[in-house]
Amino acid sequence: MNKPHGIKSNYDFDLAITGGRIIDPESGRDGIADICARDGMIKVIQKTEPKVRAREIIDARGKIVVPGLIDMHAHLREPGREDEETIYTGSCSAVAGGFASICCMPNTHPPIDNQEAVKFIYQKAQDAKCRVYCIGCVTKEQKGEELTEMNDLVQAGVVAFSDDGRPVASGQVMRNALEYSKMFDLPVISHCEDANLSDGGVMHEGFVSTELGMCGMPSIAEEVMVARDIKLAEFTEARVHIAHVSTEGSVELIRQAKKRGILITCEATPHHFTLTHEIIRTFDANAKVNPPLRTERDVQAIKRGLKDGTIDCVATDHAPHSVEEKDVEFDFAPFGLVGLETALGLVVTELIEKKFLSWPQAIAKLTINPARILNLPGGRLKLNAPADITIIDPKASWTVDPSRFQSKSKNSPFGGRKLRGKVVCTIVDGKVAYRQ
Ligand SMILES: [Zn+2]
Ligand SMILES: [Zn+2]
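First residue of the sequence shown: 6, per my numbering; consecutive thereafter.
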């Protein structure tokens, strides 16, 4: 990446972003400044000055400049369903949403459960517009029975383990997975669902499912597994990260576990802090997700959990599906929605504008917090850190139009929704990867 010595440049920097409000949650910096990058690294953060000499200058006055966003939970569908998303198109969607780094879940076809498969992801990632980090399976073929060769996966560069898409049903298998992952200081990301309790469910079990006559997935299907994983984390002293927390009870369990000093972290998705099960009355299969959209009480509990730090991260659970797959009777549609291009707008509109979180608090959940959980180099704006930077127009209003998404798939329930806060520019490794 570094330029060879001896090439003379008339510029001090490759890139300068001038006059923006720089927010870096790690250092606590929040103020107007210039940020300059050379050879893919941040080289200067200084009081704004009129005569900066850079090859490219981006005027960021009136904008917010933050570390390149990190999504620790995305499904990119390659290998196996390249008609729905590829690593490349997923990365295009990511940078359009302000993400400079994304972590891809291993429930592809075949799943990422061996070293060759991880190498395949990283080879494809070389052409991606953003950094792509690979998460490896906990168990072979995600069957929940036999652990993967976790050491091999770590050697190939996985940043976490997960059987996401399905739970690790056996407590014994989960215990063993945690004993191993602890040796590598990597978290196991748990999709908490007791599949017996949620069996056959297509939406949240509650008064709406009763009225619609649909089979429900009760909150306890999630909560009993959150409780189990908290106990296993306590027992093994390994790191458990709970994916897509969706119920009031889960938030409370995690809050109490953190108070007891257990090594547990968690994330919430934008759809779980924005939508409730009421939307299912429209029979929009794009709102069919797992875990399901729940009640207003749960939405409020997630917002409180984000505010008091119980919930560490906002992650998209970006899950592309083709129109053909989703355009069937609600009961038969697959779970999942595409989230990379609406996440930031929903964070700004639902959390910042409604005063649940300040800008620095919200940005921490999309940058330094996931970076710490996964030991990633990004997520901070400091000297000699990678020049991954996202520029946001906090005032811009826009209407979600899924047909214009960079993602190959358009399965979003947010079409037509008015949002505030728009990504102006995403810089990855010192280069402009997306510009509005
Ligand atoms: Zn999941
Ligand atoms: Zn997922």
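The beta carbon of each residue, even a glycine, is placed where N, CA and C say it ideally should be.
On a predicted model such as this, the values are computed, not experimentally measured, just so you know.
- Taken atom to atom, the span from the alpha-carbon of GLY67 to that of GLY25 is near 6 Å.
- Annotation for GLY266 indicates a beta carbon at 7 Å or more from all heavy atoms of ligand 1.
- In the same chain as ALA438, and ignoring 5 residues on each side of it, the C-beta atoms closer than 7 Å to its own belong to VAL100, LYS134, CYS135, THR431, ILE432, in chain order.
- The DSSP-derived three-state label of GLN411 is coil.
- The closest heavy atom of ligand 2 lies less than 7 Å from the beta carbon of MET110.
- The C-alpha of GLY341 is placed about 20 Å away from the C-alpha of GLY141.
- Taking 8 Å as the upper bound for CB-CB distance, GLU151 and THR144 are in contact here, some 6 Å apart.
- Not a single heavy atom of ligand 2 lies less than 7 Å from the C-beta of GLY344.
- Annotation for GLU146: PRO115, PRO116, ASP118 place their beta carbon closer than 8 Å to its own, counting only its chain and skipping 5 residues before and after.
- Put simply, the region 208-217 does not touch the region 263-273. Fewer than three CB pairs are less than 8 Å apart.
- GLU334 counts as exposed, since fewer than 16 other beta carbons sit within 10 angstroms of its beta carbon.
- Of the residues ASP64, SER106, ILE126, the one whose Cα lies closest to the Cα of ARG82 is ILE126.
- Sequence-distant Cβ neighbours of GLY103 in its own chain, meaning closer than 6 Å and more than five residues away, are LEU74, LEU349, THR395, VAL428, THR431.
- Per DSSP, the continuous beta strand (DSSP E) segment holding PHE104 begins and ends at 104-109.
- Runs of alpha helix (DSSP H) with 4 or more residues, each lying fully within the region 101-170, are found at 120-130, 155-161, listed in chain order.
- Under the three-pair Cβ rule at 8 Å, the region 20-36 counts as touching the region 357-376.
- Not one heavy atom of ligand 2 sits closer than 7 Å to the Cβ of GLY149.
- Listed as beta-bridge partners of ARG377 by DSSP are no residues whatsoever.
- The three-state secondary structure of ASP39, taken from DSSP, is strand.
- For ligand 1, a non-hydrogen atom lies closer than 7 Å to the CB of HIS196.
- Counting only runs of at least 4 residues, the region 198-271 fully encloses the following alpha helix (DSSP H) elements, listed from N- to C-terminal order: 212-217, 224-241, 253-264.
- Look at which beta carbons fall closer than 5 Å to any heavy atom of ligand 2; those residues are ASP169, ASP322.
- The secondary-structure analysis by DSSP pairs SER195 across a beta bridge with ILE247.
- For TYR16, there is no enclosing alpha helix (DSSP H), as DSSP gives it neither H nor E.
- The beta carbon of PHE240 is closer than 8 Å to those of ARG180 in its chain, skipping five residues each way along the sequence.
- In this structure, DSSP gives PRO365 a helical state, which the three-state scheme calls helix.
- Judged by their CB atoms, VAL71 and THR372 are nearer to each other than the 8 Å cut-off.
- About 6 Å separates the CB atoms of GLY254 and SER224; that is less than 8 Å, so the two are in contact.
- Placement of the Cβ of HIS246 at a distance of 7 Å or more from every heavy atom of ligand 1 is found.
- HIS249 has its Cβ nearer than 7 Å to a heavy atom of ligand 1.
- Pairing CYS139 with CYS109 gives a Cβ-Cβ distance under 8 Å.
- The beta carbon of GLY95 sits closer than 6 Å to those of LEU81, all from its chain and outside the five residues before and after it, given in chain order.
- Assignment of ARG302 by DSSP, reduced to helix, strand and coil, places it in the helix class.
- Taking C-beta separations shorter than 7 Å and ignoring five residues to either side along the sequence, the partners of ALA306 in its chain run GLU253, VAL256, following chain order.
- Distance between ILE40 and ILE69, taken at the CA atoms: about 12 Å.
- Looking from the CA of ASP204, the closest CA among ARG425, GLU329, ASN295 belongs to ASN295.
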